[in-house]
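Quick note: the sequence shown, position 126, residue 126 per my numbering, numbers continuous.
Note that the Cβ used here is the ideal one computed from N, Cα and C, for glycine as well.
All of these numbers come straight from a predicted model, not from anything done at the bench.
Contents: one structure, followed by commentary.
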Amino acid sequence: MKSALVILTFCLATFVMGQDYQQGMEDDMEAFRRYQQQDEEALSDFQKKDREAFEAFKKKVEKEWGDFISSTPNDWVEYSEDLQNRSKVDFEKGEVTIEILVDKNEAKNEAVVKEKLAKAVEHVATTRAKAQDFP
């Protein structure tokens, strides 16, 4: 009789523990699904904000320069923070192009143009490249 009671108790305990284990697994899976959904939403939100920031930057550049040149696998393009200088390094050709914007009055003064260009060259030669083109 005692052994039957022990066996019955063992079976009931196993059954109850099995249900608790199953419920725990289901709870864990649901928590993981919620985490995964939140993570995917956060990534999607980040990507959207990144695209919007890039488009805003591109519009600013186009307003200043009339066109937008972006980096490619072979060309590294960088704009100064005030968007008045643009540099392009062509790794295939081994060439560096540095452009500056000057207004009509500055364009008439060769010394001013040379000074701005010299500063732009110095900046390219002494500054580390940015990880991305836009803020």
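| Check | Outcome |
| --- | --- |
| C-alpha distance - residue 137 paired with residue 103, whole-angstrom precision | An answer regarding residue 137 cannot be provided, because it is not within the stretch 1 to 135 covered by the chain. |
| When 92, 93, 128 and 26 are compared against residue 78, the one with the closest alpha-carbon | 128 |
| Complete beta strand (DSSP E) runs within the region 55-128 (minimum length 3 residues, chain order) | 75-79, 85-90 and 95-100 |
| DSSP-derived helix/strand/coil call for residue 48 | helix |
| 7 Å CB neighbourhood of residue 83 in its chain, flanking five on each side removed | 60, 61 and 64 |
| Own chain partners of residue 87 with C-beta closer than 6 Å, once the 5 adjacent residues on each side are dropped | 78, 98 and 124 |
| Between the CA atoms of residue 48 and residue 100 - distance to the nearest angstrom | 31 Å |
| Same chain, Cβ closer than 6 Å to residue 92, five either side skipped, listed in chain order | 74 |
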